[in-house]
Amino acid sequence: MGKTISGKEGFALRDPDSLLVLAVQKVSKIYRLWNRPSDRLKYSIVRRAAAFTSMFSSTARLAGLLAQTCDSLMQEFYALREVSLEVWRGEVVGIVGRNGSGKSTLLQIIAGTLQPTSGYVKTYGKVAALLELGSGFNPEYTGRENVFMNAAVLGLSHKEVQGKMEEILSFADIGGFIDQPLKTYSSGMVVRLAFAVQVAMNPEILIVDEALAVGDEAFQRKCFARLEELKEKGTTILFVTHDTAKVVSLCSRAVLLDQGEKLVEGSPKNVVAIYHKLLYGKETDRGRLREEFERLESSSPPEPATRRALSVTGVSLGTTESIEEGFFDPNFVSQSVVEYPAQEVRIIDPHLETLTGRRVNHLRRGKEYAYIYKVCFEREAWRVRFGSLLKTVDGVALGGMVSHCEEDPLPYVPAGEVLEVRFRFRCHLLPGTYFLNAGVVARHACEEEFLHRLIDVVIFRVLPEPALRVNSYVDFLEEVTLRSASGSLLNGKETS
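Right, here's the structure in full:
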């Protein structure tokens, strides 16, 4: 039997200066699936008989037969299979995977609410866990009573909880319901209270398992703002969600579980790319997915190139007029392209152009460009739409462009057709490196499906410029005016 431990048992003493806060060592969790309900009783009887007969050499053969009988009564299901993981102080680790991949099982074992079949989990510091809805709460107790009970489990005294009660009530924001039985709460109110209790305890390790999906958008934003605050304070956070955008934006590392095994582990952007391919790409070769992930991890966007470096490598910057609209560097190509299997439809030659038709991959803020690709249809398709998605180097989606709305798609495309898709846009992005996806979807039966999809297929850079006043990704400003109390105009000029 494995163990979840917080002391010294099973592990060498940790260096006091070590930043390691969690060690998961070859953890497996096996469940027995019985062929019939009565087989559970038969198994208990036969196993005892097998153990007894194995004590005597004369009945060893019988013991073997009884053991085989035990095996025939049930099947073993691996919810987790030899998962190992190390997490360091201040990390935010996202755990993603399809339903049934073992995410919640792993978090329950780390939290200590479930024992592993084999392997060890070692935690250093106070652990607070927000697992399935209402876990750790008694529905017959009031919200206030549940706060005291839950905090006592975390090791806090009654006096300490009283000192934090105002903070908990303010964050939960459930009003007078705090003195009503928990069974009268909505699911959103339960999550509010549970999250407020866990974060108020200032844990060294905080575990969050999809529970935040129950709350409304305003409360979710409040929770993620608090998670960012805890992250800044050095709290280690383990985070399970199906919202991959949150994984990319919040996490410093991500782990992909599949069929109870750790498939890949690394940068959130690359892990999410493989996760999406697992979900939508119909890719069953896990070895190939691992190889593709390693390729993504080993590649990184090129460093910003100077004008001098570009001239040395033979990049033509062209005339002054062309430089003002950007330029094209043939050596500046994406190393992280992920291609989904083509369904007899193929996207060809995605690229960026100026409005005069000159290819560019270095853009100027405020100028207009076109994102262009061709789509070859080897088969006919109905209710077709074309799209693109713009992302940062970290994989954060900033926005996109779609050819048709879902209610009014392109009705029909015959086999043999080649269409050129052209998205025209003005660049409001701030200096930095960005990626573009390309995709084409069609309706099959009652659902849309990707006919072809390319992730990170185009890389481009927005060139730096002096005296920028914005520090995010997008500059929305077109004009700013300042007026005094008397109404006179103090300043007003276009900035784009």
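According to UniProt numbering, the sequence shown holds residues 1 to 496 in order. Backbone N, C-alpha and C fix where the C-beta goes; we use that ideal spot for every residue, glycine too. These numbers were taken from a predicted model, which means no experiment stands behind them.
Simplified DSSP state of residue i, which is helix, strand or coil
{"i": "residue 37", "result": "coil"}
{"i": "residue 275", "result": "helix"}
{"i": "residue 25", "result": "strand"}
{"i": "residue 478", "result": "coil"}
{"i": "residue 374", "result": "strand"}
{"i": "residue 350", "result": "strand"}
{"i": "residue 50", "result": "helix"}
{"i": "residue 293", "result": "helix"}
{"i": "residue 404", "result": "coil"}
{"i": "residue 32", "result": "strand"}
{"i": "residue 246", "result": "helix"}
{"i": "residue 227", "result": "helix"}
{"i": "residue 391", "result": "strand"}
{"i": "residue 355", "result": "coil"}
{"i": "residue 287", "result": "helix"}
{"i": "residue 495", "result": "Unreliable positioning characterises residue 495 in this predicted model, as indicated by a pLDDT of 42, which lies under 50. The coordinate reading is nonetheless provided below. Coil."}
{"i": "residue 430", "result": "coil"}
{"i": "residue 485", "result": "coil"}
{"i": "residue 436", "result": "strand"}
{"i": "residue 65", "result": "helix"}
{"i": "residue 124", "result": "coil"}
{"i": "residue 19", "result": "coil"}
{"i": "residue 368", "result": "strand"}
{"i": "residue 219", "result": "helix"}
Status (buried if at least 16 other CB within 10 Å, exposed otherwise) for residue i
{"i": "residue 359", "result": "exposed"}
{"i": "residue 303", "result": "In this predicted model, residue 303 has a pLDDT of only 40, less than 50, meaning its place in the structure is not dependable; the value taken from the coordinates is given anyway. It counts as exposed."}
{"i": "residue 158", "result": "exposed"}
{"i": "residue 377", "result": "buried"}
{"i": "residue 77", "result": "exposed"}
{"i": "residue 449", "result": "exposed"}
{"i": "residue 414", "result": "exposed"}
{"i": "residue 444", "result": "exposed"}
{"i": "residue 197", "result": "buried"}
{"i": "residue 500", "result": "A question about residue 500 goes unanswered here, because the residues of the chain that appear run from 1 up to 496."}
{"i": "residue 108", "result": "buried"}
{"i": "residue 479", "result": "exposed"}
{"i": "residue 125", "result": "exposed"}
{"i": "residue 379", "result": "exposed"}
{"i": "residue 329", "result": "buried"}
{"i": "residue 412", "result": "exposed"}
{"i": "residue 35", "result": "exposed"}
{"i": "residue 333", "result": "exposed"}
{"i": "residue 184", "result": "exposed"}
{"i": "residue 350", "result": "buried"}
{"i": "residue 81", "result": "buried"}
Residue(s) in a DSSP beta bridge with residue i
{"i": "residue 178", "result": "For residue 178, which the question treats as bridged, DSSP gives no partner whatsoever."}
{"i": "residue 209", "result": "240"}
{"i": "residue 262", "result": "257"}
{"i": "residue 441", "result": "385 and 450"}
{"i": "residue 117", "result": "None, per the DSSP bridge assignment."}
{"i": "residue 473", "result": "DSSP lists no partner for residue 473."}
Selected residue, minimal CA-CA separation from residue i, among the options
{"i": "residue 219", "options": "228, 171, 237 and 208", "result": "171"}
{"i": "residue 436", "options": "36, 285, 428 and 454", "result": "454"}
{"i": "residue 259", "options": "191, 104, 369 and 449", "result": "104"}
{"i": "residue 476", "options": "270, 482, 365 and 346", "result": "365"}
{"i": "residue 327", "options": "369, 342, 345 and 298", "result": "369"}
{"i": "residue 452", "options": "433, 162, 375 and 68", "result": "375"}
{"i": "residue 151", "options": "417, 142 and 136", "result": "136"}
{"i": "residue 45", "options": "222, 295, 143 and 70", "result": "70"}
{"i": "residue 166", "options": "239, 49, 193 and 482", "result": "193"}
{"i": "residue 356", "options": "483, 325 and 384", "result": "325"}
{"i": "residue 204", "options": "227, 235, 224 and 79", "result": "235"}
{"i": "residue 331", "options": "361, 339 and 337", "result": "361"}
{"i": "residue 447", "options": "399, 384, 487 and 438", "result": "384"}
{"i": "residue 38", "options": "29, 74, 25 and 28", "result": "74"}
{"i": "residue 427", "options": "463, 344, 482 and 191", "result": "463"}
{"i": "residue 263", "options": "289, 239 and 249", "result": "289"}
{"i": "residue 442", "options": "111, 407 and 96", "result": "407"}
{"i": "residue 335", "options": "163, 111, 457 and 84", "result": "457"}
Endpoints, the beta strand (DSSP E) within which residue i is located
{"i": "residue 74", "result": "74 to 88"}
{"i": "residue 420", "result": "418 to 426"}
{"i": "residue 460", "result": "447 to 462"}
{"i": "residue 188", "result": "Element bounds for residue 188: not the beta strand (DSSP E) but the alpha helix (DSSP H), 187 to 200."}
{"i": "residue 413", "result": "410 to 413"}
{"i": "residue 339", "result": "338 to 340"}
{"i": "residue 96", "result": "92 to 96"}
First and last residue of the uninterrupted alpha helix (DSSP H) at residue i
{"i": "residue 129", "result": "From DSSP, residue 129 is part of no alpha helix (DSSP H) but of the beta strand (DSSP E) over 127 to 130."}
{"i": "residue 143", "result": "143 to 153"}
{"i": "residue 161", "result": "158 to 172"}
{"i": "residue 107", "result": "103 to 111"}
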